[in-house]
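K.L.:
Questions regarding the structure given below will be posed in turn.
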Amino acid sequence: MIAKDFLTGGDAAKKEEIKDIGLHKTQQTANVYRMLSHNDIPTSFIDIERPNTI
1297 MIAKDFLTGG DAAKKEEIKD IGLHKTQQTA NVYRMLSHND IPTSFIDIER PNTI
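Using the working numbering, read the sequence shown as starting at 1297 and increasing by one per residue.
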């Protein structure tokens, strides 16, 4: 998965480019996967490959 620097709302009716938001979204997603794994819930998550790629 590659997180891009775009944020959408209203079923993508609005779209805004926000610098480095992809980095934050990647870290947030990785944290959720780690929490699930820590609680013995299987996931397909391995690791963050690049700053914006899981």
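Cβ atoms here follow ideal geometry from the backbone N, Cα and C, with glycine treated the same way.
Using three-state DSSP, classify Arg1306 as helix, strand or coil.
P.N.:
According to the sequence as given, residue 1306 is Gly; it is not Arg. DSSP places Gly1306 in coil when its eight states are reduced to three.
K.L.:
Using three-state DSSP, classify Lys1315 as helix, strand or coil.
P.N.:
Reduced to three states, the DSSP call for Lys1315 is coil.
K.L.:
When DSSP labels each residue in this structure, what does Thr1325 get in the three-state scheme?
P.N.:
It is helical.
K.L.:
What distance in whole Å lies between the Cβ atoms of Glu1312 and Leu1319, which are believed to be in contact at a cut-off of 8 Å?
P.N.:
The pair is not a contact, with the Cβ atoms about 16 Å apart (cut-off 8 Å).
K.L.:
Which one or two residues does DSSP pair with Thr1349 in a beta bridge?
P.N.:
BP columns for Thr1349 point to Ile1298, Arg1346.
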